[in-house]
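Asks: Chains A and B are the protein sequences, given in the same order.
Our numbering puts the first residue of the first sequence at 146, with every later residue one more than the last.
Our numbering puts the first residue of the second sequence at 6, with every later residue one more than the last.
Got a structure for you, written out below as structure tokens; questions coming shortly.
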Amino acid sequence: MKIRIIIEPLIDGKKAEVYTVRVFGNEDSEYKIFCNEFSTNYSETISKINRLIIKMAEKHGNRDIYFENEGTNCVYKFKDTGILRLYCIRYGSLAIIVGGGDTKEPWINTYQEKESLDKAVRMLRAIDRYLDDNSIIVDDLHQIINKEIEIDIK
Amino acid sequence: MTKIYQQWFADMLAKTPLWINRLVDVSSDIAVNIDDTLAAKGMNQKDLAKLLGKKDSQISKWLAGKHNFTLKTIFLIEEVIGIKLIYSRQEAAEIESRHSREVMRRMMHFEPRNTVKYNDERNMISSIKIQATYNKAALSGNQSSAYSQSLQS
């Protein structure tokens, strides 16, 4: 399934740059949708994630210790978020593209079992494939920022 | 300077309770210190888990950057990896005071080259006297009177 997306800058910090993904036609990025959906019932977790993102950008870079690989080569989830799952792609310690996510209830064993989680992971995998196919490295990300690109969510 | 491009995110950050900011700031600093120390010692999280008798997953959670460490956990980690992770206000003040005394001690050791003008012998002697008076008083912890004493010399 092909969709059009826009990768937009969220934070430009001393140690890392953070980007979000917006599906073309949507007003909000996947990350904003995630935050809005869960900021009422999971306000503490959302606040901690937001603060950590700022700390990564300003001070620590996006270090391995903050993430866990989500069964694929390129997609990671933020660690220690309770039943929330927020996915991203990381480029070394310098850049991170934050996608969306959802809750992963205890009875769900893998992300593939829940459509919203699976879609979030597949979208980021598709972005990573697009960057790979077009030989776009982290230093060249600015070439596609704020521009409409078409990805194939297989 | 950090730039935030999306206003909704800045608004959300502004509404974050201060205690959450402090928790994440300190927790992530501690996590990075532990991670760097382990790397420097050629250890990994598994080794730390073994030393502490914990599961790997527990250590992984501790280092996630948002963990609410207990003091006991921090002190146990300090003990096994051999570095101090946190300081109380009193401890930090003592360290700063020791550092200041060390700086002054080094200044006193090098000061004849830094502060004396050799073109006038009288000036040379009085310059040494002024600096020595300042250093002596500063080392005793009385910096405000040190300055006024040095002016009177």
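We put the CB at the ideal spot given by N, CA and C, even for glycine.
Assuming I296 of chain A contacts I272 of chain A (C-beta within less than 8 angstroms), just tell me the rounded distance between them.
Replies: As a working note, residue 296 of chain A is residue 151 in the first sequence. As a working note, residue 272 of chain A is residue 127 in the first sequence. Their Cβ separation, rounded to whole angstroms, is 6 angstroms, which keeps I296 of chain A and I272 of chain A in contact under 8 angstroms.
Asks: Under a three-way DSSP split, which group does Y275 of chain A fall into?
Replies: Translated into the one-based positions of the first sequence, residue 275 of chain A becomes position 130. Of the three classes helix, strand and coil, the one that applies to Y275 of chain A here is helix, per DSSP.
Asks: Identify the continuous beta strand (DSSP E) that holds L155 of chain A and give its terminal residues.
Replies: Counted from its first residue, the first sequence places residue 155 of chain A at position 10. L155 of chain A -> beta strand (DSSP E) spans 147 to 157.
Asks: Specify the secondary structure class of L231 of chain A as computed by DSSP and reduced to three states.
Replies: Locating residue 231 of chain A in the first sequence gives position 86, where the first residue counts as 1. If DSSP states are grouped into helix, strand and coil, L231 of chain A belongs with the strands.
Asks: Mark V29 of chain B as exposed unless 16 or more other C-beta atoms lie within 10 angstroms of its C-beta, in which case mark it buried.
Replies: Locating residue 29 of chain B in the second sequence gives position 24, where the first residue counts as 1. With 16 or more other Cβ atoms inside 10 Å of its own Cβ, V29 of chain B counts as buried.
Asks: Report the three-state DSSP secondary structure of I242 of chain A (helix, strand or coil).
Replies: Taking the first residue of the first sequence as 1, we reach residue 242 of chain A at position 97. Correct three-state label for I242 of chain A: strand.
Asks: What residue does the alpha helix (DSSP H) around N38 of chain B start on, and which one ends it?
Replies: By 1-based counting over the second sequence, the position of residue 38 of chain B is 33. Per DSSP, N38 of chain B belongs to the alpha helix (DSSP H) from 23 to 45.
Asks: For chain A, find out if any of its Cβ atoms is closer than 8 angstroms to the Cβ of G87 of chain B; answer yes or no.
Replies: To locate residue 87 of chain B, count along the second sequence from 1; it is residue 82. No, G87 of chain B lies away from the interface with chain A (no Cβ there is under 8 angstroms from its Cβ).
Asks: Could you give the first and the last residue of the continuous alpha helix (DSSP H) run that contains K193 of chain A?
Replies: Here residue 193 of chain A refers to the residue found at position 48 when the first sequence is read from its first residue. 188 to 200 is the extent of the alpha helix (DSSP H) around K193 of chain A.
Asks: Within the continuous beta strand (DSSP E) that includes E295 of chain A, where are the two ends?
Replies: On the first sequence, position 150 is the one that residue 295 of chain A refers to. Run containing E295 of chain A: 293 to 297, per the beta strand (DSSP E) assignment.
Asks: Using the Cα positions of K59 of chain B and K46 of chain B, report the straight-line distance between them to the nearest angstrom.
Replies: In the second sequence, counting from the first residue as 1, residue 59 of chain B sits at position 54. In the second sequence, counting from the first residue as 1, residue 46 of chain B sits at position 41. CA-to-CA, the gap between K59 of chain B and K46 of chain B works out to about 19 angstroms.
Asks: Between which two residues does the alpha helix (DSSP H) holding Y176 of chain A run?
Replies: Here residue 176 of chain A refers to the residue found at position 31 of the first sequence. Its alpha helix (DSSP H) spans residues 175 to 183.
Asks: Helix or strand or just coil, what does DSSP make of T165 of chain A?
Replies: For the purposes of this step, residue 165 of chain A is taken as the residue at position 20 of the first sequence. In this structure, T165 of chain A counts as strand in the three-state DSSP scheme.
Asks: P154 of chain A touches chain B at which residues, Cβ-Cβ below 7 angstroms?
Replies: The residue you call residue 154 of chain A lines up with position 9 of the first sequence. By Cβ distance, chain B contributes Y10.
Asks: Can you pull out the residues from the region 56 to 90 of chain B whose beta carbon lies closer than 7 angstroms to at least one beta carbon of chain A?
Replies: So the close ones are S65, K66, L68, A69, G70, K71, H72.
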